[in-house]
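To start, the structure itself, in structure tokens.
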Amino acid sequence: MNEQKPTFKEAMEATMIWCKSWENDEISDEVISDRIGELIKTVEGARGFLVVSLSIDCPLMDRFPDALIFQLRSSGDIIVDLTVKNLAMSSAMVITHHDNNDSQEIQSERIKIRCIELLKLLDSNQVKKRLDVLLEATKGNGTDLKFIKKWGYDDKQINAISESIYEVAT
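With the working numbering applied, the sequence shown covers 300 to 469.
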């Protein structure tokens with residue numbers, strides 16, 4: 300992997316390997332957390348990490364080792380922003396998959412739950428600020444409106460996104 304700036308693909312591949320090694324007790328919480336900390340310094344690295352870690356069967360994002368939480372909180376806005384976007388997308392996809400009677404609904408629900416739980420562990424001020432921006436977009440206003448329109452979410456999906464935002468606060 301490129302030590303300086305991993306590509307999205309390199310970050311995904313590294314995350315898969317590290318999660319498997321961690322799950323098999325081949326590397327410690329601290330080792331995987333340090334590796335992830337390096338990976339998430341760039342947006343592409345963080346995107347690759349989240350795409351894999353939120354969706355695969357590895358329980359890393361269900362257990363959240365303290366060392367990992369430290370690294371994720373240290374990343375600043377990158378992880379908060381990407382996790383909020385993943386929350387929106389997975390919330391909307393739960394509706395799409397449900398309406399289409401698609402078995403992927405379970406996967407999207409798991410990603411949504413992991414995003415909610417992760418956001419509860421990150422810096423509360425950063426999370427609130429970022430969620431407020433997304434919430435404004437669900438009401439038809441603000442900078443995230445472009446994001447909402449880009450994906451063509453319907454009213455049902457937008458409502459699901461709003462509900463997920465409020466779940467973070469509970």
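Don't be surprised by glycine CBs; every beta carbon is placed ideally from N, CA and C.
- Boundaries for residue 443: no alpha helix (DSSP H) harbours it, and the DSSP string shows neither H nor E there.
- Rounded to the nearest angstrom, the gap between the Cα atoms of residue 438 and residue 324 is 46 Å.
- In this structure, residue 387 lies away from residue 351, with their beta-carbon atoms at least 9 Å apart.
- Apart from the 5 residues on each side of it in sequence, residue 446 has no Cβ closer than 6 Å to any other Cβ in its chain.
- In the three-state reduction of the DSSP assignment, residue 349 falls in the helix class.
- A straight line joining the alpha-carbon of residue 327 with that of residue 440 spans about 44 Å.
- Separation of the CB atoms of residue 443 and residue 432 is rounded to 5 Å, and the pair is thereby assigned contact status at 8 Å.
- Counting along the chain, no alpha helix (DSSP H) covers residue 400, and no H or E run does either.
- Sixteen is the threshold: since fewer than 16 other Cβ atoms of the shown chains lie within 10 Å of the Cβ of residue 399, the residue is exposed.
- With 16 or more other Cβ atoms from the protein chains shown falling within 10 Å of its own Cβ, residue 385 counts as buried.
- Closest in alpha carbon position to residue 407, among 355, 375, 465 and 336, is 355.
- By the criterion of a C-beta distance shorter than 6 Å, residue 329 is surrounded in its chain by 366, once the five residues flanking it on both sides are discounted.
- In the DSSP assignment, residue 333 falls within the alpha helix (DSSP H) that extends over 328-338.
- Taking C-alpha positions only, residue 462 is separated from residue 434 by approximately 10 Å.
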